[in-house]
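To start, the structure itself, in structure tokens.
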Amino acid sequence: MTIKERISVLAKRQNTTLQKIESDLDFGRGTISRWDKSSPSVDKLQQVAQYLNVSIDFLLGNVVYDNSPDLYPYEEESETYYTDPEVSEYANKLKNNPGMRILFDAAEDMSKEDIDFVVDLIDKLKKREGK
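Have a look at this one:
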């Protein structure tokens, strides 16, 4: 999501428009709209952030303190990462196990047997280390 898109969502939530923000802040007409293609000055970005009561980092998308789906839509990981549906289902079960997340760096063509081997190896290493 671009800065302009994020500002548009926030403006809509506050029942205002980009044109109204530009007018209130004495910006030229279309200033914020042009931020889709060019970067705003820090000064102008700060003014908009203060106007909308958010941080510059939030406008830039560097921090998330608003779980609104219109600003940060949830994108479920594709279950087609693995070519075999059985392996995909198995991998999806493992992804919720924090100790097994390393498997998601694996190649998409790993077999279930290969994944089982890695899971067993991780379990053995953890037991050996007393974890």
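If you count by the UniProt record's numbering, then the sequence shown holds residues 1 to 131, one letter each, in order.
We put the CB at the ideal spot given by N, CA and C, even for glycine.
query	result
Starting from V119, trace the alpha helix (DSSP H) in both directions and tell me its first and last residue.	112-128
How many Å lie between L59 and D26 at the Cα?	19 Å
Rounded to the nearest angstrom, what separates A11 and K4 at their Cα positions?	10 Å
By a C-beta neighbour count over all protein chains shown, 10 Å radius and 16 as the cutoff for buried, is L52 buried or exposed?	buried
Identify which residue in S23, K124, S38 has its Cα closest to the Cα of Q47.	S23
By the three-class DSSP mapping on this structure, what secondary structure does S33 have?	helix
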